[in-house]
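18 is the number of the first residue of the sequence shown in this note's numbering; add one for each residue after it. Heads up, the thing below is written out as structure tokens.
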Amino acid sequence: MTVLGRYRPLLLSLFRIMAALLILQHGTTKLLGIPAGPMNGTSIQSLSGIAGVIELVFGALLVVGLFSRLSAFLLSGLTAAAYWIAHAPQGVYPILNGGELAALYCFGFLYLAAAGPGPISLDALRRRG
């Protein structure tokens, strides 16, 4: 796979952007009703509402690559908590308790916290300037 090796920095940025957009939609559906779905109208005072605020704020920051490591670390913790609070009590196996996405988000965001945002980010632009 050395052919793709030279694209590693760009793929890191692409992974960050896509993961952030996917988690961001959890926040927008809970708090803004976009897109319409079963999580619309979540009370901001509930655990799900607090999660929605975190998803919205830190997901948006991660999309543009600003405070990326901190945002990814907080989102990793949020998705770990989501797994243990919402999914693990329903059973041990993620495939059976519906927690595969939360587990994958958790480790994906943890990787981004360690690897950084990649070259296409406001963090990278700030470092250059």
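All C-beta atoms in this analysis are idealised placements derived from N, C-alpha and C, irrespective of residue type, glycine included.
- The beta carbon of residue 119 sits closer than 7 Å to those of 96, 99, 100, 104, all from its chain and outside the five residues before and after it, given in chain order.
- Fully contained in the region 66 to 140 is no beta strand (DSSP E) run of length 3 or more.
- In this structure, the CA atom of residue 28 is about 19 Å from the CA atom of residue 77.
- In terms of Cβ geometry, residue 126 and residue 85 do not form a close pair [threshold 7 Å].
- Straight across, the Cα-Cα distance linking residue 88 with residue 136 is about 17 Å.
- Ranked by Cα distance from residue 121, the first of 31, 54, 40, 30 is 40.
- For residue 42, the three-state secondary structure derived from DSSP is helix.
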